[in-house]
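Below: one structure, written as C-alpha cells.
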Amino acid sequence: MKKIEEIITANFKDEHHKAIINIRYTSNYIGVYYNNQLEAFDLTLAQFNILRILRGAKTELSIKTVKNRMVEKSPNTTRLIDKLIIKDFVKRARSNEDRRIVNIEITDLGLETLSQLDVQFEDNYFDKNLTEVEVNTLNHLLNKFREQ
6 MKKIEEIITA
16 NFKDEHHKAI
26 INIRYTSNYI
36 GVYYNNQLEA
46 FDLTLAQFNI
56 LRILRGAKTE
66 LSIKTVKNRM
76 VEKSPNTTRL
86 IDKLIIKDFV
96 KRARSNEDRR
106 IVNIEITDLG
116 LETLSQLDVQ
126 FEDNYFDKNL
136 TEVEVNTLNH
146 LLNKFREQ
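To convert, note that position 102 of the sequence shown is 107 in my numbering; the numbers rise steadily by one, no gaps.
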C-alpha cells in the first residue's frame, strides 16, 4: 500500500496533522475491508459490532448498554437491532426487574454466523505487515493519543 503522502496530495501542516489524516484514512480503509467481508452475510459493520458485544456479554443486555459499548456510536442502534431481529440474529426480552427495559440477546443463528465470520477474519491480512512489537507500540500510541 502507498504511503499517506502518495495518497493525499495536499500539503500537511505538520507531522501531527499528517498523523490525524493517516489515522482517519486507515480507519476508513479498514472499515471498507470489513464491510466487503460482511456483505456476504448481509451485515453492516455496526450490526457486526452489536453481535460481538452480545456474544461477549454471554447474557442479555439492555439496548442502552449495547449503545454504550459500541466502537462507533450510532444514534440508530435501535433500528440496527430491529434489522438483526428480523434476520433472527438477536431476540428481544423484557427485563424481569423493570418491564420498561427491553433487553436483547444473541440467538443460536447469530452465534453460528459469528463463528463463520471468525473463520473468515482469522486470515486477517492486516496483521501480516506488523510484528507483535510493532502492534504493541501502535496500541500504546493510539491509547496515548486518546488520553488527551
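Just so it is clear, CB atoms sit at the ideal spot from N, CA and C, and this is done for glycine as well.
Whether residue i touches residue j by CB criterion (9 Å)
i           : j           : result
residue 99  : residue 106 : yes
residue 115 : residue 94  : yes
residue 17  : residue 121 : no
residue 158 : residue 135 : A question about residue 158 goes unanswered here, because the residues of the chain that appear run from 6 up to 153.
CA nearest to the CA of residue i, picked from the options
i           : options         : result
residue 77  : 61, 49, 104, 67 : 49
residue 71  : 121, 64, 58     : 58
residue 146 : 16, 28, 122     : 28
residue 43  : 126, 142, 25    : 126
residue 102 : 118, 67, 20     : 67
residue 112 : 31, 79, 92, 34  : 92
Beta strand (DSSP E) segment containing residue i, residue limits
i           : result
residue 148 : Residue 148 -> not in any beta strand (DSSP E); alpha helix (DSSP H) instead, spanning 137-151.
residue 96  : 95-99
Delimiting residues of the alpha helix (DSSP H) encompassing residue i
i           : result
residue 88  : 82-91
residue 117 : 113-127
residue 20  : 20-43
residue 69  : 68-74
Cβ shell of residue i (< 6 Å), same chain only, five flanking positions each side left out
i          : result
residue 65 : 98, 108, 110
residue 74 : 58
residue 79 : 51
Cutoff 7 Å; reference residue i; Cβ partners in own chain excluding five residues on either side
i          : result
residue 36 : 50
> Three or more C-beta pairs closer than 8 Å, one from the region 83-97 and one from the region 52-72: is that the case here?
Replying inline: Per the Cβ contact rule, the region 83-97 is in contact with the region 52-72 (3 or more Cβ pairs under 8 Å).
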